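**Q** Attaching a single structure in structure tokens format; questions to follow.
In this note's numbering, the protein residues as written are 5 to 595.
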């Protein structure tokens, strides 16, 4: 006989219960009070003085489940649309403010919390407190709803992912520029809150929402005061809010009565650790083990999980995770200053004012870089919208002539596997045959291409940059448009028997004037290949460089050996970084 008997179900939400259960584990409804079972206020919004909105000529009454509010239910001046999130303390709905004509987020406390008068009182007090302290990096609180069987706060709706979801989109490790943009705002918000005597107590990536626009990430901290509203109750002890355990400070474990702003600094240290490494400093199978780790164990250095982490960043994170609150950065202002210094070499701050960029840069060797303006385009087979900052793309792939200058200037020697194939099409002594001077250089590994770009003061394009430069904002099938490929457009299908000069196809130009992006040679991109990242990665400046082991790198554009299908702007390929092939070259990009 199962512990969950078909006949033994919660009278309120009808979830199966263990025999003898006094409370429902799902909705919290008591199971041993017959009066509660007959309470109509738990089942019908009409007891709250609210009702469903008119979705037909004659509205009908809609019952309110204890777990979810039906769509189109009216709560005063607000109309509930749909569930957009759920946590241990309540459910968040997208709603409409019928007076201000704006979208709002409505966070409704779970039924098992509503019955606690202390929680209700503190929750309303903390919400009113935040209504009087607006900050651009804090989710605005507009209103509270306090009815007999329903307690909720009405907040600004932030259209964007949580920091947790954004870290996941990047494969676990944020680029340092995204770290800088995100944490600058969070630290500014917490600096202002601490100056006003407000401690968050439950900072974690799920409580940081991100709006993504042309200026980058705009973080918004949410759920101020929730942990304080619930402190001292059985609810916090069971872990429904605090955990949250992965982000607890040692003093929250050992002396919860002695909490101040440095608890938030510790939680920010954990969050920064996770954003940079893809994991929390302590991972354990249960909450007790996590609490003991925070209180007693030293965290492994974050640089252990991310190669080439700036030493100042490693030191800052470790300081923020100090067991002794006095050893942490004393304020969020100092935390922010140290973070800016730690990232100055890997993620310099972008200028605030708009700069008029030249549309074309001509270099000393005659090469050209063409501007691809900032903005969105439709990427991939599902045409998802991706925003890219402005960048420059070389008009043509790097030629044998240009690569020969690099060798002459640097005496570069390959050290990877297959070095016997390095420039295998050149004469012995590594001299370029005269007939190939203006052909794209081939038999070049990804590492060789990176070395050239670094010497030239440039870099490889990201896969998203490459696709935008080829596809434009009008979603072209081929760089030149939708016209069926001919010999005037591209070198493909083995018709030439090899590469041809990079300027041999005058009709190959993309919307930005970039040539030879289809056929002739595949072109290395900076990204390692992960089809999931390509389809579902970040929607702003995606760049997949985090991958364990010798992962293949993306190549785009087709080559002289491939058929016309490889010429499409969505065609992809990938090769191990040490491969050197007779149909694989590269071109440069520049920020």
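Each residue gets a CB set at the ideal place from its N, CA and C atoms; glycine is no exception.
Quick caveat: nothing in here was measured; it's all calculated off a predicted structure.
Grab the span of the beta strand (DSSP E) containing residue 216 for me, first residue to last.
**A** Here residue 216 corresponds to residue number 212 of the chain shown, with the count starting at 1. Note, residue 216: beta strand (DSSP E), 212 to 217.
**Q** Bridge partners for residue 470 per DSSP, in chain order?
**A** On the chain shown, position 466 is the one that residue 470 refers to. None; residue 470 has no bridge partner.
**Q** Alpha helix (DSSP H) containing residue 321: first to last residue?
**A** In the chain shown, the residue the question calls residue 321 occupies position 317. First-last of the alpha helix (DSSP H) with residue 321: 315 to 324.
**Q** Quick test of your reading: residue 442 and residue 506, contact by CB under 8 Å. State the CB separation rounded to the nearest angstrom.
**A** To locate residue 442, count along the chain shown from 1; it is residue 438. To locate residue 506, count along the chain shown from 1; it is residue 502. Right, the Cβ-Cβ distance comes to about 6 Å (below 8 Å), so this counts as a contact.
**Q** With a CB to CB cut of under 7 Å and the five nearest residues on each side skipped, what residues in its chain are close to residue 539?
**A** For this step, residue 539 is matched to residue 535 along the chain shown. For residue 539, where only same-chain residues beyond five positions count, the Cβ hits under 7 Å are 384 and 386.
**Q** Just list the alpha helix (DSSP H) runs in the segment 432 to 497, keeping only unbroken ones of 4 residues or longer that don't cross its boundaries, in chain order.
**A** Listed in chain order, the complete alpha helix (DSSP H) runs (minimum 4 residues) inside the segment 432 to 497 are 450 to 459 and 467 to 475.
**Q** Take residue 164 and list the residues in its own chain whose beta-carbon comes closer than 7 Å to its own, dropping the five residues that flank it on each side.
**A** Position 160 of the chain shown, counted from the start, is the residue given in the question as residue 164. These residues qualify, in order along the chain: 213, 214, 215 and 216.
**Q** Among the candidates 183, 175, 124 and 419, whose CA atom is the shortest distance from the CA of residue 536?
**A** Walking along the chain shown from the start, residue 536 turns up at place 532. Of 183, 175, 124 and 419, the residue nearest in Cα terms is 175.
**Q** Give me, in chain order, the residues of the same chain whose beta-carbon lies closer than 6 Å to that of residue 186; leave out the 5 immediate sequence neighbours on both sides.
**A** Looking up residue 186 in the chain shown gives position 182. Taken in chain order, the residues that qualify are 221 and 223.
**Q** Please determine, among 468, 589 and 338, the residue with the shortest C-alpha to C-alpha distance to residue 450.
**A** Numbered from 1 along the chain shown, position 446 holds the residue referred to as residue 450. Among 468, 589 and 338, the Cα nearest to that of residue 450 is on 589.
**Q** Quick one: is residue 245 buried, meaning 16 or more other Cβ sit within 10 Å of its Cβ, or exposed?
**A** For the purposes of this step, residue 245 is identified with residue 241 of the chain shown, where counting begins at 1. A caution first: residue 245 carries a pLDDT of 38, below 50, which makes its placement in the model too unreliable to give a value.
**Q** How about residue 225 and residue 160: do their beta carbons lie closer than 9 Å?
**A** Start at 1 with the first residue of the chain shown, and residue 225 comes out as number 221. Start at 1 with the first residue of the chain shown, and residue 160 comes out as number 156. No.
**Q** Leaving out five residues before and five after residue 253 in sequence, what residues of the same chain have Cβ atoms less than 6 Å from its Cβ?
**A** By one-based count along the chain shown, residue 253 stands at place 249. Excluding sequence neighbours, residue 253 sits near 267 and 270.
**Q** May I have the straight-line CA-CA distance separating residue 11 from residue 120, to the nearest angstrom?
**A** Locating residue 11 in the chain shown gives position 7, where the first residue counts as 1. Locating residue 120 in the chain shown gives position 116, where the first residue counts as 1. Any reading at residue 11 must be qualified, since the residue scores a pLDDT of 48, below 50, and its modelled position is unreliable; the value itself is stated next. Each residue's Cα considered, the two are about 29 Å apart.
**Q** Quick one: grab the DSSP three-state call for residue 63.
**A** Numbered from 1 along the chain shown, position 59 holds the residue referred to as residue 63. In this predicted model, residue 63 has a pLDDT of only 35, less than 50, meaning its place in the structure is not dependable enough to derive any value.
**Q** Report yes if the C-beta distance between residue 445 and residue 402 is below 9 Å; otherwise report no.
**A** The sequence position of residue 445 within the chain shown is 441, counting from 1. The sequence position of residue 402 within the chain shown is 398, counting from 1. Yes, the pair counts as a contact, with Cβ atoms nearer than the cut-off.
**Q** With distance defined between alpha-carbon atoms, name the residue in 131, 202, 203 and 97 nearest to residue 597.
**A** Not covered by the structure: residue 597. The range shown for the chain is 5 to 595.
**Q** May I have the straight-line CA-CA distance separating residue 154 from residue 118, to the nearest angstrom?
**A** By one-based count along the chain shown, residue 154 stands at place 150. By one-based count along the chain shown, residue 118 stands at place 114. Those two C-alpha atoms are separated by around 7 Å.
**Q** Using CA atoms only, rank isn't needed, just tell me which of 285, 478, 345 and 197 is closest to residue 379.
**A** As a position in the chain shown, residue 379 is number 375, starting the count at 1. Cα-wise, what sits closest to residue 379 is 478.
**Q** May I ask you to list the residues that DSSP assigns as paired with residue 81?
**A** For this step, residue 81 is matched to residue 77 along the chain shown. None; residue 81 has no bridge partner.
**Q** Which residues in the same chain have their Cβ closer than 7 Å to the Cβ of residue 111, if we skip the five residues on either side of it in sequence?
**A** Against the chain shown, residue 111 aligns to sequence position 107. Answer for residue 111: 94, 96, 156, 157 and 159, listed in chain order.
**Q** So, for residue 196: in the same chain, excluding its five sequence neighbours on each side, which residues have a beta-carbon less than 6 Å away from its beta-carbon?
**A** Stepping through the chain shown from its first residue, residue 196 is reached at position 192. Excluding residues within five positions, the ones whose Cβ falls inside 6 Å are 139.
**Q** How about residue 306 and residue 275: are their beta carbons less than 9 Å apart?
**A** Counted from its first residue, the chain shown places residue 306 at position 302. Counted from its first residue, the chain shown places residue 275 at position 271. The answer is no: Cβ separation not under 9 Å.
**Q** Can you tell me whether residue 112 sits near the ligand ATP, meaning its C-beta is under 8 Å from at least one heavy atom of the ligand?
**A** Although the ligand ATP was asked about, the structure shown includes no ligands whatsoever.
**Q** Give me, in chain order, the residues of the same chain whose beta-carbon lies closer than 8 Å to that of residue 460; leave out the 5 immediate sequence neighbours on both sides.
**A** By 1-based counting over the chain shown, the position of residue 460 is 456. 410 and 592, listed in sequence order.
**Q** Could you give the DSSP three-state label for residue 341: helix, strand or coil?
**A** Start at 1 with the first residue of the chain shown, and residue 341 comes out as number 337. In the structure shown, residue 341 sits in a helix (DSSP, three-state: H, G or I).
**Q** Count the C-beta pairs between the segment 502 to 516 and the segment 468 to 486 that are closer than 8 Å, then say yes if the count reaches three, no if not.
**A** Short answer: they touch.
**Q** Can you check DSSP and say which residues form a bridge with residue 403?
**A** Residue mapping note: residue 403 aligns to position 399 of the chain shown, counting from 1. Residue 403 is bridged to 444.
**Q** Helix, strand or coil, according to DSSP, for residue 304 in the structure here?
**A** Position 300 of the chain shown, counting from 1, holds the residue named residue 304. In this structure, residue 304 counts as coil in the three-state DSSP scheme.
**Q** Among 86, 522, 594 and 146, which one has its Cα closest to the Cα of residue 530?
**A** For this step, residue 530 is matched to residue 526 along the chain shown. Among 86, 522, 594 and 146, the Cα nearest to that of residue 530 belongs to 594.
**Q** Measure how close the beta-carbons of residue 542 and residue 105 come, nearest whole angstrom, since I'm counting them as under 8 Å.
**A** Sequence index remark: in the chain shown, residue 542 carries index 538 (1-based). Sequence index remark: in the chain shown, residue 105 carries index 101 (1-based). The Cβ separation is near 31 Å, so there is no contact.
**Q** Using only CA atoms, which one of 86, 499 and 129 lies nearest to residue 145?
**A** Position 141 of the chain shown, counted from the first residue, corresponds to residue 145. Among 86, 499 and 129, the Cα nearest to that of residue 145 is on 129.
**Q** Mind checking whether residue 489 and residue 522 have CB atoms under 9 Å apart?
**A** As a first step, residue 489 must be located in the chain shown, where it is residue number 485. As a first step, residue 522 must be located in the chain shown, where it is residue number 518. Contact: yes.
**Q** Does DSSP classify residue 298 as helix, strand or coil?
**A** Working through the chain shown from its first residue, we reach residue 298 at position 294. Helix, per DSSP.
**Q** Can you tell me whether DSSP reads residue 31 as helix, strand or coil?
**A** One-based indexing of the chain shown puts residue 31 at position 27. Because residue 31 carries a pLDDT of 47, less than 50, the predicted location of this residue cannot be relied on, and the following value inherits that uncertainty. DSSP places residue 31 in coil when its eight states are reduced to three.
**Q** For the alpha helix (DSSP H) that residue 184 lies in, which residues bound it at each end?
**A** On the chain shown, position 180 is the one that residue 184 refers to. Note, residue 184: alpha helix (DSSP H), 180 to 199.
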